[in-house]
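Each remark here refers to the structure printed beneath this line.
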Amino acid sequence: MAKKIFISYSRHDLNFVEKLAQDLLDAGYEVWYDLSKIEGGDRWAQEIQKGINQSQIFVLVVTPHSIASEWVEKEYIFASQRGLKVVPLLREHCQLPIWLLNIQYVDIVGINYERNFNQVLESFQNYGRRKEDRKPESASWKHRLEKSVPYIGMILAMLALILLLFLPKSPVSLIPPTPTLTSTSTTTPTNTPTQTPTPTFTQTPSVTPSQTPSATPTAELGEGTPSATLTLAPEITDDFGIEMVLVEEGVFLMGSDSGDTDESPAHLANLNAYYIDKYEVTNAAYRACVADLGCELPKNTRYYLQPDHPEHPVVYVTWEMANAYCEWRGARLPTEAEWEKAARGTDSFSYPWGNFFVRSALNYCEQNCEYSWKDPFGNDGFAMTSPVGSYEAGVSPYGVYDMAGNVSEWVYDWYAEDYYRNSNRDNPIGPESGIYRVLRGGSWYNKAVDLQTFRRSALRPNVAYNYTGFRCASSPGE
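Numbering of the sequence shown is given in my numbering, commencing with residue 755 and proceeding in unit increments.
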């Protein structure tokens, strides 16, 4: 049974609350906020109390308006007395009142809403209060035993040392001789560890194109272990008329030590050669898959059906929809590592074009964008998506367009916050399972800092927005 969530907020924040409520509904929760349940003739206080009593989670949207609201404070006190989980969501920076100071909040200011939405959902499974605010539980005998093990080990080690110091020394070895050692001479020569291989074992055959070279610790960026490779075309056009560009095999620097915790540490990754779409998948390209019954319609067709949007990237597609399209084309979604290398190259660029932000190089949230975090000095010409390949200045080192901005792109990997601390070096792929899939590249909805090539975001694979799109990849010979 789905958990019920009560949202407490100020009417000034209604537009955001409606979006939040819809996102929570999409994530499988039942949502109560006053306008959704109160009908004509109902008494406000009684219905609000009823809503709180029927809920298990109390979400408080924190803004200067809600903090100043007496109703919000009353709702919070009532929910706290009923023992609900309290999850404050910081929507706008403000001075927190004393009744909220001892509860950990989730930062959803600006673009952090998109980046931290998974933390919002995770907080529903754990108490919002900090660990130090919780009443300590009495330790079980098993827990007490586990805590005592290190001390018991130390005592035993000290006793053993004392015995060794005070035992009489003897020339006789404490380890008795093992006469069976002399019997090894009966072992046939073919089984002895000192056997010298014949010269045929030391010959080095030529490497076939299908073999994957392993990167050595001394490999430089962009170089793997030398091997014989096929000559691959720098660009191809697949059977569906989609242009793809080659990303050569080799090593590159993935992640950043200056990024968020899930984006660090910076580490080397060695990838086989692969092809990736030169442009994001467009409405026109996606329509071909729908017409062939290989794809579902986007969750919302408002932009998909616009006659002047055939070359805009398709949006409102879930991870499942993106994966189905790529499979229909005989391709696949790129891994997170493949996406990042295609975006930043082997010079570790922070943006596809270099290390400094260039307003004219991409479609992002600038003066045409309706959100409060927009850049008033930028003007990319579009309030939302733009036709793919519109920004020559933003092309990546491999000739790939829109790797920053326009739409956030689904990649193959499941999301894990600690993935970079545990990932493989050769052709890394994310964890085998998870709750969220990874999105990369940012979109028209984002501000500049969230469009860097190492930035990661995550979303449930069955959820889609007007800024979620994708591109495909393939390995030579697929």
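Each residue gets a CB set at the ideal place from its N, CA and C atoms; glycine is no exception.
Values in this document were obtained by computation on a predicted structure and should not be read as measured data.
* Which residues does DSSP pair with H1021 in a beta bridge? -> Paired residue(s): M1008.
* **Proximity below 8 Å, CB of A1039 to CB of I990** => no
* Per DSSP, what kind of secondary structure is I1183 in: helix, strand or coil? -> Coil at I1183, not helix or strand.
* Using the rule of at least 16 other Cβ atoms within 10 Å of the residue's Cβ for burial, across every protein chain shown, is P925 buried or exposed? -> Residue confidence is low: P925 scores 43 on pLDDT, short of 50, so the model does not pin down where it sits. Its coordinate-derived value is still stated next. When all chains shown are included, P925 counts as exposed.
* To do: Put K758 into one of helix, strand or coil per three-state DSSP.
  => strand
* Asked: Going by alpha carbons, who is nearest to I759 out of Q1206, Q835 and F878?
  -> F878
* From the DSSP output, which residues share a beta bridge with T991? -> E997.
* To do: Could you name the residues that DSSP lists as bridge partners for D1129?
  => E1120
* Asked: Touch check for the stretch 1198-1205 and the stretch 1042-1054: three-plus C-beta pairs under 8 Å?
  -> no
* For F1111 and P971, the rounded distance between their alpha carbons -> Unreliable placement is indicated for P971, whose pLDDT of 38 sits below 50; no coordinate value is reported for it.
* Proximal residues to V1068 (C-beta, below 7 Å), its chain only, five neighbours per side dropped -> V1035, T1036, N1037, Y1040, P1052, Y1058 and G1223
* **Segment contact, 8 Å Cβ cut-off, at least three pairs: the stretch 1181-1190 with the stretch 1136-1152** => no
* Local conformation of F832 per DSSP, three classes -> Correct three-state label for F832: helix.
* Asked: Secondary structure at L1193, three-state DSSP: helix, strand or coil?
  -> strand
* Rank A1147, E1171 and P1215 by C-alpha distance to the C-alpha of S1018 and give the top, closest one. => E1171
* Asked: So, using beta-carbon positions, are L1150 and A1097 closer together than 8 Å?
  -> Per the sequence presented here, residue 1150 reads as Ser, with Leu not at that position. Their beta carbons are under 8 Å apart, which means S1150 touches A1097 by this criterion.
* Whole-angstrom distance between D1134 and E1065, CA atom to CA atom -> 17 Å
* Asked: Are the stretch 1115-1127 and the stretch 1207-1219 in contact at 8 Å, needing three or more beta carbon pairs?
  -> no
* To do: Ignore the nearest five residues each way along the sequence and tell me which others in S764's own chain have a CB closer than 8 Å to its CB.
  => V815, T817, H819, S820, A822, S823 and V826
* Asked: Tell me the DSSP bridge mates of R1086?
  -> A1227
* To do: Closer than 8 Å by C-beta to Q1121: which residues in its own chain qualify, once you throw out the five before and the five after it? Chain order, please.
  => K1128, D1129, P1130, F1131, G1132 and N1133
* Just confirm the distance between the C-beta atoms of E846 and V860, as a whole number of angstroms; I'd bet it's less than 8 Å. => 13 Å between Cβ atoms; not a contact.
* To do: Could you tell me if W853 is buried or exposed, where buried requires 16 or more neighbouring beta carbons within 10 angstroms of its beta carbon?
  => exposed
* **Strand pairing of P842, partner residues [DSSP]** => In DSSP, P842 forms a bridge with L814.
* Asked: Which one of V1001, F1136 and G1009 has the shortest CA to CA distance from S1236?
  -> The structure shown does not extend to residue 1236, since the chain is modelled only from 755 to 1232, so the question has no answer here.
* To do: May I ask you to list the residues that DSSP assigns as paired with P1067?
  => T1036
* What separation, rounded to the nearest whole angstrom, lies between the Cα atoms of M1157 and R1086? -> 17 Å
* Asked: Going along the chain, which residues of its own chain have a beta-carbon closer than 7 Å to the beta-carbon of V1161, five neighbours each way excluded?
  -> E1034, P1067, V1069, T1139, S1197, Y1221, T1222 and G1223
* Who are the Cβ neighbours of E829 in its own chain at under 6 Å, not counting the five residues just before and after it? -> S762
* Asked: If we call anything under 8 Å between Cβ atoms a contact, is N1026 one with S834?
  -> no
* From K757 to T1072, what distance separates their C-alpha atoms? -> 24 Å
* **Run of the alpha helix (DSSP H) containing D1204, from where it starts to where it stops** => Taken as a continuous stretch (DSSP letters only), D1204 belongs to no alpha helix (DSSP H), as it is neither H nor E.
* Can you tell me which of the three DSSP states A1170 falls into? => coil
* Throw me the rounded Cβ distance for the F812 and V840 pair, which I believe falls under 8 Å. => 5 Å
* Please report how far the alpha carbon of I986 lies from the alpha carbon of R1191, in whole angstroms. => One detail in the question is off: residue 986 reads as Leu in this sequence, not Ile. Whole-angstrom Cα-Cα distance: 31 Å.
* **Cβ shell of W1107 (< 8 Å), same chain only, five flanking positions each side left out** => A1115, A1147, G1148, V1149 and S1150
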